[in-house]
Amino acid sequence: MSEGKKYFDEMINDGLVRAPYQEYHEWFDKADTKRLAKKSKEAEAFFRRTGITFNVYGDKDQQERLIPFDLVPRIVSNLEWMKLSKGIEQRVRAINAFLHDIYNRQEILRAGRVPIELIANNEAFLPQMMGMSPPGNVYTHIVGTDIVRTGKDNFFVLEDNARTPSGVSYMLENRETMLQMFPELFSKIKVQPVSGYPKNLRRSLAACAPKSCEGKPTVAVLTPGIHNSAYFEHSFLADQMGVELVESQDLRIVNGHVAMRTTQGYKNIDVLYRRVDDDYLDPLNFNPSSMLGVPGIMDVYRAGNITLANAPGTGIADDKAIYSYMPDIVEFYTGEKAILKNVETWRCSEPSSLQYVLDNLADLVVKEVHGSGGYGMLVGPAASKKELANFAKKLKAKPSNYIAQPTLSLSTVPIFTKSGLSERHVDLRPYVLVSPNKIDITPGGLTRVALKQGSLVVNSSQGGGTKDTWVLEE
Amino acid sequence: MLGKTAGGLYWMFRFLERSENIARLVEAGSRIALTRSQDSQTEWKSIITTAAVRKNYSTKYDSFEGSHVVDFLLRDKDNPSSVLSVVENARTNARMVRTALTTEVWEAVNENWMTLKALLKRPIKETDLPFVLGTIRQQSALVRGALHGTMLRNDIYDFARLGTFIERADSTARIIDVKYYTLLPSASFVGSSLDNVQWDMILRSVSAHRSFNWLSENDINASTIAEFLILDARLPRSLAFCTSQVNDNLNFLSENYGKKLKSNNLSDDLRKQLKTPDINEIFEIGLHQFIGDYIRMNNELGMQIEEDYRFNK
């Protein structure tokens with residue numbers, strides 16, 4: 001690391017280009033900056049034309065926005081990837097075992113490894129799931145594990161995202177864009193493909209069909225509708241898988257099955273990849289005012305006539321308070337030490353931790369236990385005195401709603417700017433597919449990048465962008 | 475295929491067709507306004523009536539000033555049938571049925587929306603009008619081209635075509651309905667400059683002024699024009715053509731699904747109406763009456779299609 005730098009740059013370290021970036025860097029050095037700037041514009045036009053946009057909640061005009069795309073790829077060596085994917089697989093196995101246990105025998109609670117209050121008082125815990133096993137015992141059919149890096153060999157899991165991780169369409173479209181813009185790079189550098197994801201997703205979902213399903217399982221994607229911020233992704237995935245994209249008004253329970261209204265009458269669905277939150281899934285069983293769900297779908301589910309992906313109630317596993325127990329959870333169910341590290345976490349529900357957090361607020365990142373998307377979080381070092389004081393008040397009012405973590409020095413990868421390469425902080429979200437016999441991790445994932453210099457917040461809703469993520473063949 | 479998707483496709487293509495038809499009407503109107511200085515307000519008024527937005531227009535304007543009419547028809551958000559509104563609706567429907575469209579069709583309709591939204595952002599200057607109208611037609615043609623060139627010929631395609639032709643049939647019928655008196659053999663005499671202008675306008679609103687000249691061999695009179703627009707199956711905007719396309723697509727669907735439905739019967743009835751050997755029989759029934767019946771039946775057919783194929787429930 002050069003002097004004064006507190007973070008690890010993945011491209012250039014100690015003044016030397018790191019091995020995975022060698023070929024790319026050579027290419028970039030010779031590339032014409034004007035041409036690259038033009039390509040960058042082209043990429044934006046391409047995204048607009050193909051409609052890869054998202055809506056921002058609370059935006060009055062309902063403007064569709066683009067997630068900025070940076071044309072410098074984030075490159076991971078095969079060796080690094082193998083280690084990462086082994087760690088992710090271990091963790092995902094443990095999460096599924098944990099969920100099955102929590103909703104059945106609850107041995108981990110009996111063994112005292114996870115406090116019972118954490119489950120009992122948790123909004124993400126669904127009593128409706130008690131005593132049932134989803135088809136193939138798969139709870140988290142799709143997982144997006146958020147990983148951050150702080151050094152050459154230091155990878156941490158930041159979040160497990162076991163509910164409905166989004167962003168995979170950007171992983172796919174970013175690669176498509178790069179292939180179109182820089183075909184010459186891909187003939188020179190051997191990058192592992194990501195394009196198999198939709199096919200694998202369909203196969204993986206079909207493999208989780210309920211036992212009652214005869215013949216080829218019918219898979220569908222459930223979306224809240226075109227106004228949802230991730231609608232593009234929902235339609236993209238349905239399209240790429242070749243399955244129907246349904247909304248609640250297309251669905252009805254017919255003879256104990258969930259069926260969709262087609263031009264020729266109602267047709268049963270066997271596997272529903274739902275992009276609707278638990279709470280809205282079934283107005284009869286959960287939030288009665290939901291217009292997004294299907295009344296009675298939980299009863300069909302419990303009767304074993306449909307697979308819901310992900311299973312309801314998986315939120316208990318990616319809850320930020322549970323997160324701090326993850327090393328124990330991995331060890332409890334796999335008998336192995338966790339390969340991937342957890343970020344040190346203070347649970348504000350514990351008085352001593354709360355005191356520590358209040359004393360060190362300016363150095364910490366504080367998150368809501370159930371929050372996501374970067375909303376409602378505090379980045380201590382970036383906050384003003386007033387913001388800190390206000391947040392301290394919120395913390396004291398409801399400590400159990402928060403956890404705190406040290407401000408990590410996230411690694412950087414350069415982005416392309418008018419004045420050349422410039423380092424920005426990144427994270428990584430690989431996508432994991434779980435079926436009864438297989439855990440399949442797409443080599444790569446979504447690299448999110450904080451576009452503001454020095455910023456550590458990578459969420460697209462907070463001004464983050466994305467990069468194509470390359471895992472090299474060898 | 476989902477009923478909702480079928481409905482989305484049907485409406486997407488109705489809206490696209492409408493954007494094109496409105497552009498044609500404005501084109502015909504601005505032409506007549508240029509060639510005749512007097513009474514252009516009457517012509518603009520008839521265009522507003524043809525576009526079926528009279529009531530809505532009157533809440534906003536008292537007179538039929540050309541610039542108001544053009545603005546209202548092309549870019550007024552309060553007018554659900556303005557080009558800007560329907561292009562946006564078409565795109566919203568396309569988003570809804572994204573999985574049923576090829577990438578090329580989706581991109582074409584998305585680009586159509588982006589282009590026209592930018593183009594219609596500010597009031598249109600008179601000098602820019604031809605360019606704007608040309609762009610509207612061109613964008614619509616791009617979507618159609620992508621549809622023909624890339625989509626599977628299955629039920630998805632059938633619903634897209636149904637939307638196109640139900641809308642087009644309605645549009646042509648309205649053009650005739652509003653101007654029917656100029657097409658009556660009794661009400662016109664050959665060669666009157668008034669009629670020539672009126673006929674020209676009618677033909678222009680269906681982009682058929684040139685093809686008519688070719689076919690009619692200069693035998694221009696009211697009944698040949700009426701016959702052309704109503705019964706000539708060679709003209710892609712005639713009632714006979716539209717209705718036979720609707721009929722074909724409904725037949726494809728019923729073959730495909732193995733079921734004959736109410737809409738098939740209604741469409742057969744409508745087709746029979748146009749089997750009249752020549753235009754004089756229609757004049758005997760009364761042109762106004764005939765067209766009125768046609769519009770109503772076409773409309774009912776549209777609603778029956780929505781019901782038969784479960785667009786909404």
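Residue numbers (the working numbering), protein chains in the order written: chain P, 1 to 474; chain F, 475 to 787.
Where is the CB? At the ideal position from N, CA and C, for every residue including glycine.
All figures in this text were calculated on a predicted structure; none of them were measured in a lab.
Exercise for the section: Give a yes or no on whether the C-beta atoms belonging to V571 (chain F) and V617 (chain F) are separated by under 8 Å. Expected result: Contact flag unset, no.
Practice task
Taking the CB atoms as reference points, tell me whether M377 (chain P) and V366 (chain P) lie closer together than 8 Å.
Solution key: For the 8 Å CB-CB criterion, M377 (chain P) and V366 (chain P) form a contact.
Problem - Euclidean distance between Cα positions of A564 (chain F) and M486 (chain F) - result: Note on geometry: alpha-carbon atoms of A564 (chain F) and M486 (chain F) lie some 4 Å from one another.
Practice task
Determine, using beta carbons only, whether G623 (chain F) comes closer than 8 Å to chain P.
Solution key: No, its Cβ sits nowhere closer than 8 Å to a Cβ of chain P.
Practice task
Decide if the segment 28-37 of chain P is in contact with the segment 432-440 of chain P; the criterion is three or more beta carbon pairs, one per stretch, under 8 Å apart.
Solution key: The answer is no - the segment 432-440 of chain P does not touch the segment 28-37 of chain P, with fewer than three Cβ pairs under 8 Å.
Exercise for the section: Buried or exposed for P351 (chain P), please, with buried defined as at least 16 other CB atoms from any protein chain shown within 10 angstroms of its CB. Expected result: By the 10 Å Cβ count, P351 (chain P) comes out exposed.
Exercise for the section: Note down the Cα distance separating V438 (chain F) from L636 (chain F), rounded to an integer number of angstroms. Expected result: An answer regarding residue 438 (chain F) cannot be provided, because it is not within the stretch 475 to 787 covered by chain F.
Exercise for the section: Out of F:A574, F:L677, F:K787, F:I704, state which residue places its alpha-carbon closest to the alpha-carbon of Q249 (chain P). Expected result: Comparing Cα-Cα distances from Q249 (chain P) to each of F:A574, F:L677, F:K787, F:I704, the minimum goes to F:K787.
Handout entry: Range of the contiguous alpha helix (DSSP H) that encloses Q355 (chain P)
Key = For Q355 (chain P), the uninterrupted alpha helix (DSSP H) run begins and ends at 351-359, by DSSP.
Exercise for the section: Kindly say whether V294 (chain P), judged by its beta-carbon, lies nearer than 8 Å to any beta-carbon of chain F. Expected result: At a cut-off of 8 Å between beta-carbon atoms, V294 (chain P) makes no contact with chain F.
Exercise for the section: Measure the beta-carbon distance from I649 (chain F) to L657 (chain F) and round it to whole angstroms, keeping in mind my assumption that it falls under 8 Å. Expected result: So it is not a contact: roughly 10 Å between Cβ atoms.
Practice task
Would you list the one or two residues that DSSP bridges to F489 (chain F)?
Solution key: Paired residues: none, contrary to the question.
Exercise for the section: Tell me whether D59 (chain P) sits in a helix, a strand or coil according to DSSP, three-state version. Expected result: In this prediction, D59 (chain P) has a pLDDT of 49, which is less than 50 and means its spatial position is unreliable; nothing more can be read from the coordinates.
Practice task
Compute the distance between the beta-carbons of V168 (chain P) and V219 (chain P), then report whether it is under 8 Å.
Solution key: No. Outside cutoff.
Handout entry: Rounded distance between the beta-carbons of S504 (chain F) and V527 (chain F), thought under 8 Å
Key = Wrong, their Cβ atoms sit about 17 Å apart, outside the cutoff.
Handout entry: Under 7 Å by beta carbon: chain F residues contacting L245 (chain P)
Key = In chain order: T573.
Practice task
Output, in sequence order along the chain, the residues in the segment 250-262 of chain P whose CB is closer than 7 Å to any CB in chain F.
Solution key: So the close ones are D250, M260, R261, T262.
Handout entry: Beta carbon proximity, D239 (chain P) to chain F, threshold 8 Å
Key = Closer than 8 Å to some Cβ of chain F, the Cβ of D239 (chain P) qualifies, so yes.
Problem - Within-8 Å CB hit, S248 (chain P) to chain F - result: No, S248 (chain P) does not count as interfacial toward chain F.
Practice task
Please list, in chain order, all residues of the same chain as T447 (chain P) whose beta carbon is under 6 Å from its beta carbon, the five residues on each side excluded.
Solution key: These residues qualify, in order along the chain: R74, V426, L428, K467, T469.
Practice task
Using a threshold of 8 Å, state whether the C-beta atoms of N738 (chain F) and D632 (chain F) are closer than that.
Solution key: No; because the gap between Cβ atoms is not below 8 Å, this pair is not in contact.
Exercise for the section: Give the straight-line distance between the Cα atoms of A714 (chain F) and T523 (chain F), rounded to the nearest whole angstrom. Expected result: A straight line joining the alpha-carbon of A714 (chain F) with that of T523 (chain F) spans about 23 Å.
Handout entry: C-alpha gap between A383 (chain P) and N78 (chain P), whole angstroms
Key = Taken atom to atom, the span from the alpha-carbon of A383 (chain P) to that of N78 (chain P) is near 38 Å.
Exercise for the section: Report back the beta-carbon spacing between N287 (chain P) and D279 (chain P) to the nearest angstrom; my notes put them in contact at under 8 Å. Expected result: Yes, they are in contact, since the Cβ atoms of N287 (chain P) and D279 (chain P) sit about 5 Å apart, within 8 Å.
Exercise for the section: Report yes or no: is there a C-beta of chain P within less than 8 Å of the C-beta of K478 (chain F)? Expected result: Yes, its Cβ sits closer than 8 Å to a Cβ of chain P.
Exercise for the section: Run the CB neighbour count on I269 (chain P), radius 10 Å, all protein chains shown included, and call it buried at 16 or more, exposed below. Expected result: Of the other Cβ atoms in all chains shown, 16 or more fall within 10 Å of the Cβ of I269 (chain P); this residue is therefore buried.
Handout entry: Alpha carbon of L421 (chain P) to alpha carbon of A124 (chain P), nearest angstrom
Key = Per the coordinates, the alpha-carbon of L421 (chain P) lies some 43 Å from the alpha-carbon of A124 (chain P).
Exercise for the section: Please state whether DSSP places K438 (chain P) in a helix, a strand or coil. Expected result: Residue state, collapsed to three classes: strand.
Exercise for the section: Quick one: residues in its chain with C-beta nearer than 6 Å to the C-beta of Y484 (chain F), no 5 flanking neighbours on either side, listed in chain order? Expected result: Taken in chain order, the residues that qualify are F633, L636, G637.
Practice task
At 7 Å on the CB atoms, spell out the chain P contacts of D629 (chain F), in chain order.
Solution key: The answer, in chain order, is T263.
Practice task
Check the C-beta distance from T262 (chain P) over to M475 (chain F) and give it rounded, since I have them as a contact under 8 Å.
Solution key: Contact flag correct, Cβ pair sits at about 6 Å.
Handout entry: 8 Å Cβ cut-off: residues of chain F touching R65 (chain P)
Key = Those do not exist, as R65 (chain P) stays about 14 Å from chain F at its closest Cβ, beyond 8 Å.
Exercise for the section: Determine whether the Cβ of D59 (chain P) lies closer than 8 Å to any Cβ atom of chain F. Expected result: Because D59 (chain P) sits at a pLDDT of 49, beneath the cut-off of 50, its placement in the model cannot be relied upon, and the point is left open.
Exercise for the section: Please report the residue range of the alpha helix (DSSP H) in which R91 (chain P) lies. Expected result: Segment 78-102, the alpha helix (DSSP H) holding R91 (chain P).
Problem - Under 8 Å by beta carbon: chain F residues contacting I226 (chain P) - result: Identification of chain F residues near I226 (chain P) by a Cβ-Cβ cut-off of 8 Å yields T566, R569, M570, ordered along the chain.
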